[in-house]
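According to our numbering, the residues represented by the sequence shown are 3 to 149, in order. A virtual CB, placed ideally from N, CA and C, is assigned to each residue, including glycine. Down below is the structure, laid out as structure tokens.
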Amino acid sequence: MINGENKTPFTEKILNKVKMIDSKTCVLIDDDKDDQLIFKTVLKQHFPQYSLQTYSSFEQAKPNILAQEAAIDTLFIDLNMPKYNGIDCLNYLRNQEQYKDTPIIIYTTSNNPDDKKRSLQNGATSFLTKPSRIHSLVEELGKYLSE
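Spelled out as structure tokens, the structure:
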């Protein structure tokens, strides 16, 4: 019985593997811990099929995301970060074979049209201004994260 209480350790192991196959991976690179927490909370509550990896800088993220065995389904990168900004990260990732076609969204507080234009010209899939309300974030993420 799979949905019952008679699961064997073997059955549990198989079910966990199926869950891993069905899950998708999302990466957020953002130096703001509060924004990371909000993003993580929204993802967990509204997009449970996604696992989230968060990084505070591109230096921290780079070795981890380049070493990924499984594909990352979607990346969100903050535009304004110290040392390497979102455009720097975007350019680097777009030059890596494994991330040429991966959706990469610039996720920022900026609503400057020039920032959006520059992001899209450099290969961003989209440009998402961080909404001030949780409900708006859920709606916006729904545009990029498939069920």
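>> Quick test of your reading: Asp80 and Ile31, contact by CB under 8 Å. State the CB separation rounded to the nearest angstrom.
In response: The Cβ separation is near 6 Å, so the contact holds.
> Quick one: is Asp37 buried, meaning 16 or more other Cβ sit within 10 Å of its Cβ, or exposed?
Replying inline: By the neighbour-count rule (16 or more Cβ atoms within 10 Å), Asp37 is buried.
>> With H, G and I counted as helix, E and B as strand and the rest as coil, what does DSSP make of Gln123?
In response: Under the three-state reduction of DSSP output, Gln123 falls in the helix class.
>> Report the CB separation of Glu61 from Lys85 in whole angstroms; it is logged as a contact under 8 Å.
In response: 7 Å
> Opposite Phe129 in the DSSP bridges: which residues?
Replying inline: Ile108
> Anyone know if the C-beta pair for Tyr156 and Leu130 falls short of 8 Å?
Replying inline: With the chain represented from 3 up to 149, any question about residue 156 goes unanswered, as that position is not in the structure.
> When the Cα atoms are used, what is the spatial distance from Val140 to Pro133?
Replying inline: 9 Å
>> Could you tell me which whole beta strand (DSSP E) segments of length 3 or greater appear in the segment 38-101?
In response: 52-57 and 76-79
> When you compare only the Cα positions, how much space is there between Lys26 and Asp116?
Replying inline: 32 Å
> Three or more C-beta pairs closer than 8 Å, one from the segment 83-100 and one from the segment 54-70: is that the case here?
Replying inline: Yes, since at least three Cβ pairs between the segment 83-100 and the segment 54-70 fall closer than 8 Å, the two stretches touch.
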